[in-house]
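Presented below is the structure to which this report refers.
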Amino acid sequence: MFQYRHASWWYWLATVPLLIAGLSGRNEAFYWAMGLTVVQWIHFALRDRNAVSFPVQVRMGYLGLLLLGQWEPLYFIYYIQLIGTSAMVLFGYCPLARFMSLMPWNRSEPFSRSLVMRTILAPPTRGSILQGLPPEPARAV
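Residue numbers (the working numbering): 16 to 156.
The structure is reproduced here in C-alpha coordinates:
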(Lines of atoms letter the chains of each structure in order from A and count residues from 1; the text may use other names and numbers.)
(Lines give C-alpha, C1' and ligand atoms only; values in the text may rest on other atoms or scores of the structure.)
Protein backbone atom coordinates (compact mmCIF):
# COMPACT_ATOMS: atom_id res chain seq x y z
CA MET A 1 0.00 0.00 0.00
CA PHE A 2 2.09 2.86 -1.31
CA GLN A 3 1.04 6.07 0.41
CA TYR A 4 3.03 8.34 -1.87
CA ARG A 5 0.55 11.18 -1.41
CA HIS A 6 1.56 11.52 2.23
CA ALA A 7 4.72 13.36 3.27
CA SER A 8 5.37 10.76 5.96
CA TRP A 9 5.72 8.03 3.32
CA TRP A 10 8.39 10.06 1.52
CA TYR A 11 10.28 10.63 4.75
CA TRP A 12 10.30 6.90 5.48
CA LEU A 13 11.24 6.11 1.88
CA ALA A 14 14.25 8.46 2.18
CA THR A 15 15.23 6.80 5.46
CA VAL A 16 15.51 3.28 3.99
CA PRO A 17 18.61 3.93 1.82
CA LEU A 18 20.22 5.78 4.72
CA LEU A 19 19.78 2.72 6.94
CA ILE A 20 21.10 0.48 4.16
CA ALA A 21 24.14 2.74 3.70
CA GLY A 22 24.77 2.79 7.44
CA LEU A 23 24.53 -0.98 7.68
CA SER A 24 26.91 -1.22 4.71
CA GLY A 25 29.62 0.52 6.71
CA ARG A 26 28.91 4.20 6.12
CA ASN A 27 28.21 5.15 9.73
CA GLU A 28 27.60 8.79 8.82
CA ALA A 29 24.39 7.66 7.08
CA PHE A 30 22.93 6.91 10.51
CA TYR A 31 23.54 10.55 11.45
CA TRP A 32 21.75 11.65 8.28
CA ALA A 33 18.86 9.34 9.23
CA MET A 34 18.79 10.96 12.67
CA GLY A 35 18.73 14.41 11.08
CA LEU A 36 15.90 13.41 8.76
CA THR A 37 13.97 12.01 11.72
CA VAL A 38 14.40 15.30 13.58
CA VAL A 39 13.04 17.12 10.50
CA GLN A 40 10.03 14.76 10.54
CA TRP A 41 9.59 15.31 14.25
CA ILE A 42 9.49 19.10 13.80
CA HIS A 43 7.26 18.84 10.72
CA PHE A 44 4.62 16.76 12.50
CA ALA A 45 4.80 18.76 15.72
CA LEU A 46 4.12 21.94 13.73
CA ARG A 47 1.49 20.31 11.53
CA ASP A 48 -0.41 18.89 14.50
CA ARG A 49 0.30 21.91 16.71
CA ASN A 50 1.06 19.34 19.38
CA ALA A 51 4.52 18.31 20.55
CA VAL A 52 3.24 14.92 21.75
CA SER A 53 0.74 13.90 19.06
CA PHE A 54 0.87 10.26 18.03
CA PRO A 55 2.92 10.88 14.83
CA VAL A 56 5.39 12.92 16.90
CA GLN A 57 5.64 10.11 19.47
CA VAL A 58 6.48 7.64 16.69
CA ARG A 59 9.28 9.91 15.43
CA MET A 60 10.63 10.38 18.96
CA GLY A 61 10.66 6.61 19.43
CA TYR A 62 12.34 6.12 16.07
CA LEU A 63 15.01 8.70 16.89
CA GLY A 64 15.55 7.05 20.26
CA LEU A 65 16.14 3.72 18.55
CA LEU A 66 18.58 5.33 16.10
CA LEU A 67 20.50 6.77 19.05
CA LEU A 68 20.49 3.45 20.94
CA GLY A 69 21.88 1.69 17.86
CA GLN A 70 25.02 3.82 18.13
CA TRP A 71 25.96 1.84 21.22
CA GLU A 72 27.81 -1.23 19.92
CA PRO A 73 25.85 -3.88 21.90
CA LEU A 74 22.58 -2.49 20.45
CA TYR A 75 23.75 -2.12 16.83
CA PHE A 76 21.30 -4.88 15.85
CA ILE A 77 18.49 -2.35 16.35
CA TYR A 78 19.40 -0.87 12.96
CA TYR A 79 18.48 -4.16 11.28
CA ILE A 80 15.13 -4.15 13.06
CA GLN A 81 14.58 -0.54 11.99
CA LEU A 82 15.43 -1.38 8.38
CA ILE A 83 12.89 -4.21 8.38
CA GLY A 84 10.22 -2.10 10.09
CA THR A 85 10.79 0.97 7.92
CA SER A 86 10.73 -1.17 4.78
CA ALA A 87 7.43 -2.72 5.93
CA MET A 88 6.05 0.79 6.40
CA VAL A 89 7.14 1.90 2.93
CA LEU A 90 6.10 -1.26 1.08
CA PHE A 91 2.96 -2.33 2.94
CA GLY A 92 1.86 0.56 5.16
CA TYR A 93 2.48 -1.60 8.25
CA CYS A 94 4.40 0.28 10.94
CA PRO A 95 5.54 -2.00 13.79
CA LEU A 96 6.76 0.95 15.86
CA ALA A 97 3.42 2.77 15.62
CA ARG A 98 1.65 -0.41 16.69
CA PHE A 99 3.96 -0.76 19.67
CA MET A 100 3.49 2.90 20.57
CA SER A 101 -0.30 2.49 20.39
CA LEU A 102 -0.03 0.02 23.28
CA MET A 103 1.49 2.60 25.61
CA PRO A 104 -0.87 3.55 28.47
CA TRP A 105 -1.28 7.15 27.31
CA ASN A 106 -2.29 6.05 23.78
CA ARG A 107 -4.87 3.36 24.46
CA SER A 108 -8.49 3.63 25.46
CA GLU A 109 -8.94 0.10 26.74
CA PRO A 110 -7.14 -2.00 29.34
CA PHE A 111 -3.95 -3.75 28.32
CA SER A 112 -4.70 -7.36 27.46
CA ARG A 113 -3.48 -10.24 25.35
CA SER A 114 -6.46 -9.64 23.05
CA LEU A 115 -5.46 -6.00 22.56
CA VAL A 116 -1.87 -6.97 21.74
CA MET A 117 -3.00 -9.60 19.22
CA ARG A 118 -5.49 -7.25 17.53
CA THR A 119 -2.82 -4.55 17.37
CA ILE A 120 -0.21 -6.83 15.81
CA LEU A 121 -2.53 -8.70 13.45
CA ALA A 122 -4.68 -5.81 12.22
CA PRO A 123 -4.15 -5.16 8.52
CA PRO A 124 -2.35 -1.98 7.49
CA THR A 125 -4.53 1.11 7.75
CA ARG A 126 -4.47 4.52 6.16
CA GLY A 127 -3.62 7.08 8.79
CA SER A 128 -3.05 6.05 12.38
CA ILE A 129 -3.31 2.59 13.89
CA LEU A 130 -5.06 4.34 16.77
CA GLN A 131 -8.02 4.93 14.46
CA GLY A 132 -7.88 1.65 12.55
CA LEU A 133 -7.80 -0.99 15.27
CA PRO A 134 -10.63 -3.52 14.93
CA PRO A 135 -13.00 -3.78 17.91
CA GLU A 136 -12.62 -6.56 20.43
CA PRO A 137 -14.80 -9.53 19.42
CA ALA A 138 -17.83 -10.14 21.62
CA ARG A 139 -17.48 -13.01 24.05
CA ALA A 140 -20.11 -15.68 24.43
CA VAL A 141 -21.59 -15.66 27.91
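The C-beta atom is built at its ideal place from N, Cα and C for all residues, glycine as well.
Quantities reported herein were computed from a predicted structural model and do not represent experimental measurements.
Practice prompt. Spatial neighbours of V71 within its chain, please: CB distance less than 8 Å, with the 5 preceding and 5 following residues excluded, ordered by chain position.
Written response: Correct list, in chain order: W56, F59, A60, D63, N65.
> Just checking, does the segment 32-52 make contact with the segment 85-101 on the three C-beta pairs under 8 Å criterion?
Replying inline: Three or more Cβ pairs closer than 8 Å define a contact, and the segment 32-52 meets that threshold against the segment 85-101.
Among R20, C109, A102, nearest to F69 - alpha-carbon criterion = Taking only the C-alpha atoms, the option nearest F69 is C109.
Just confirm the distance between the C-beta atoms of R74 and T52, as a whole number of angstroms; I'd bet it's less than 8 Å. The C-beta separation of R74 from T52 comes to about 6 Å, placing the pair in contact by the 8 Å criterion.
Item checked: Distance, L80 Cα to E87 Cα -> E87 and L80: Cα-Cα distance of roughly 13 Å.
Which residues in the same chain as T30 place their Cβ atom closer than 8 Å to its Cβ, once the five residues preceding and following it in sequence are excluded?
Here the set comprises A48, L51, T52, T100.
**Item:** Residue of G107, A44, S23, M115 minimising C-alpha distance to P32
**Value:** Answer by Cα proximity: A44.
>> Less than 8 Å between the C-beta atoms of L111 and V131, yes or no?
In response: Taking C-beta atoms as the reference points, L111 and V131 fail to come closer than 8 Å.
**OP:** Please list, in chain order, all residues of the same chain as I135 whose beta carbon is under 7 Å from its beta carbon, the five residues on each side excluded.
**Re:** Around I135: R113.
- [ ] Could you name the residues of the same chain whose beta carbon sits closer than 8 Å to that of P119, not counting the 5 residues immediately before and after it, in chain order?
- [x] Non-local beta-carbon contacts of P119 in its own chain, meaning distances under 8 Å to residues more than five positions away in sequence, involve F126 in chain order.
query = Which class does H21 belong to by DSSP, given the choice of helix, strand or coil?
reply = Of the three classes helix, strand and coil, the one that applies to H21 here is coil, per DSSP.
Open item on the list: Quick check on DSSP: helix, strand or coil for Q85?
Closed with: Coil.
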